[in-house]
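First up is the structure itself, then whatever we jot down about it.
Numbering (the numbering used here), first residue to last: 4 to 291.
The structure is reproduced here in structure tokens:
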């Protein structure tokens, strides 16, 4: 039995499962179960390409250890699985009911052999015999998953919960909490030590992803407050970890990102003041 976990130095499998489940700065977790995942040259090459899509990649060659990792995942974590045909046939029936598991991809040498059992499970997205096809599909699906995660990152006040004459005190408490939390964080003075800790966290998160590491280094040395919006809309680590921190209410990460959040708010306010939009209000009137 062997497995590889990207963000820990512990030798205890139980500790490893808990540690890696809590050190991912992004929303999604990619889990790959295959007997040759860490020994086959082509599998190792595929791992590098997959990390560019979902940086937190955990590999297993044993069903029981993989199942334990999945069952210990916190409720708000999203798990994307790649399984071999043989081991997937054993694992999928045991974890398919778990809400954290959102997609399962079967990667095997004989598609026809595994289609029958795979069709019985709704979360099995597709079966692949080509690594290129597998990675392309995960990349395509990941864009949709990111949009879904972004839609879950923010709380809004629900006026439908307020009945006529009813006080709003006690309603939408999470919304109020979020607003107060962000207001407090944005008022706390930022220092170089906070930025250093943020960069250290990002370097740890992406240490096996050279492309993202280069962007982290660029952010470290060349970020300016005038480019906050540009950085947030860039397809890179920053918006991924910020969106997860907002969704999970990760105060530690939000604390480290507070200077960037302040820059972002100020730039949005400046753009809002510069732009004028004409709006018209109309009403249909009956001739009778």
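Backbone N, C-alpha and C fix where the C-beta goes; we use that ideal spot for every residue, glycine too.
Here the structure is a predicted model, which is why all the values come from computation and not from measurement.
Given this structure, state the Cα-to-Cα distance separating residue 252 from residue 115, to the nearest angstrom.
As a first step, residue 252 is located in the chain shown; it is residue number 249 there, counting from the start. As a first step, residue 115 is located in the chain shown; it is residue number 112 there, counting from the start. Each residue's Cα considered, the two are about 44 angstroms apart.
Mind the definition here: the region 99 to 118 touches the region 83 to 91 only if three or more C-beta pairs lie below 8 angstroms; say whether that holds.
yes
How about residue 90 and residue 37: are their beta carbons less than 9 angstroms apart?
Counting from one through the chain shown, the residue named residue 90 turns up at place 87. Counting from one through the chain shown, the residue named residue 37 turns up at place 34. Yes, Cβ-Cβ distance for residue 90 and residue 37 is below 9 angstroms.
For residue 86, three-class secondary structure by DSSP:
As a working note, residue 86 is residue 83 in the chain shown. Strand, per DSSP.
Would you kindly check if the distance between the Cβ of residue 110 and the Cβ of residue 95 is under 9 angstroms?
Translated into positions along the chain shown, residue 95 becomes position 92. Translated into positions along the chain shown, residue 110 becomes position 107. Not a contact, by the Cβ cut-off of 9 angstroms.
Helix, strand or coil for residue 106 per DSSP?
Position 103 of the chain shown, counting from 1, holds the residue named residue 106. Reduced to three states, the DSSP call for residue 106 is strand.
Please report the Cβ distance between residue 98 and residue 70, rounded to the nearest whole angstrom; I am assuming they are in contact, meaning their Cβ atoms lie under 8 angstroms.
Taking the first residue of the chain shown as 1, we reach residue 98 at position 95. Taking the first residue of the chain shown as 1, we reach residue 70 at position 67. Confirmed, Cβ separation roughly 6 angstroms.
Reference residue 306; option with closest CA among 73, 60, 273, 254
Only positions 4 to 291 of the chain appear in the structure, and residue 306 is not among them; the question remains open.
Presumed contact (8 angstroms Cβ cut-off) between residue 222 and residue 241, rounded CB distance
If you number the chain shown from 1, residue 222 lands on position 219. If you number the chain shown from 1, residue 241 lands on position 238. Correct: roughly 7 angstroms between the Cβ atoms.
When DSSP builds the beta bridges, which residues end up paired with residue 36?
Translated into the one-based positions of the chain shown, residue 36 becomes position 33. Paired residues: 63, 86.
Take residue 92 and list the residues in its own chain whose beta-carbon comes closer than 6 angstroms to its own, dropping the five residues that flank it on each side.
What you label residue 92 is simply residue 89 of the chain shown in a count that begins at 1. So the list reads 120, once near-sequence residues are dropped.
Mark residue 262 as exposed unless 16 or more other C-beta atoms lie within 10 angstroms of its C-beta, in which case mark it buried.
The residue given as residue 262 occupies position 259 in the chain shown. Residue 262 is buried by the Cβ-count criterion.
Give every residue of the same chain whose Cβ lies closer than 7 angstroms to the Cβ of residue 231, excluding the five residues on either side of it in the sequence, and list them in chain order.
Working through the chain shown from its first residue, we reach residue 231 at position 228. 263, 266, 267, 270, listed in sequence order.
Note down the Cα distance separating residue 35 from residue 68, rounded to an integer number of angstroms.
In the chain shown, counting from the first residue as 1, residue 35 sits at position 32. In the chain shown, counting from the first residue as 1, residue 68 sits at position 65. Distance between the alpha carbons of residue 35 and residue 68 is about 12 angstroms.
Alpha carbon to alpha carbon, how far is residue 49 from residue 138? Give it in angstroms, no decimals.
The residue you call residue 138 lines up with position 135 of the chain shown. The residue you call residue 49 lines up with position 46 of the chain shown. For residue 138 and residue 49, the distance between alpha carbons rounds to 8 angstroms.
For residue 281, I'd like the list of residues in its chain whose CB is within less than 7 angstroms of its CB, leaving aside the five on either flank, ordered along the chain.
Start at 1 with the first residue of the chain shown, and residue 281 comes out as number 278. Counting only Cβ-Cβ distances below 7 angstroms, and skipping sequence neighbours, we find nothing.
Give me the residue from 77, 196, 214, 190 with the minimum Cα distance to residue 238.
Position 235 of the chain shown, counted from the start, is the residue given in the question as residue 238. Among 77, 196, 214, 190, the Cα nearest to that of residue 238 is on 214.
Round the Cβ separation of residue 247 and residue 30 to the nearest angstrom and send it over; I've been treating them as touching at under 8 angstroms.
Looking up residue 247 in the chain shown gives position 244. Looking up residue 30 in the chain shown gives position 27. At roughly 5 angstroms, the Cβ-Cβ gap stays under 8 angstroms, so residue 247 and residue 30 are in contact.
Just how far apart, CA to CA, sit residue 191 and residue 72?
Looking up residue 191 in the chain shown gives position 188. Looking up residue 72 in the chain shown gives position 69. Distance between the alpha carbons of residue 191 and residue 72: 37 angstroms.
Taking just the CA atoms, how far does residue 65 sit from residue 293?
A question about residue 293 goes unanswered here, because the residues of the chain that appear run from 4 up to 291.
6 angstroms Cβ shell around residue 143 - same chain, five flanking residues per side excluded:
Sequence index remark: in the chain shown, residue 143 carries index 140 (1-based). Here the set comprises nothing.
Specify, as a first and last residue, the run of the beta strand (DSSP E) that residue 244 falls within.
Start at 1 with the first residue of the chain shown, and residue 244 comes out as number 241. Not the beta strand (DSSP E): residue 244 falls in the alpha helix (DSSP H), residues 240 to 251.
Given residue 193, which residues of its chain have a CB within under 6 angstroms of its CB, disregarding the five upstream and five downstream residues?
Here residue 193 corresponds to residue number 190 of the chain shown, with the count starting at 1. Around residue 193: 262.
Check residue 128 in the structure and name its three-state DSSP category.
Looking up residue 128 in the chain shown gives position 125. Three-state DSSP puts residue 128 in a strand.
Is there a Cβ from chain C that is less than 9 angstroms from the Cβ of residue 81?
This model lacks chain C altogether; it includes just one protein chain.
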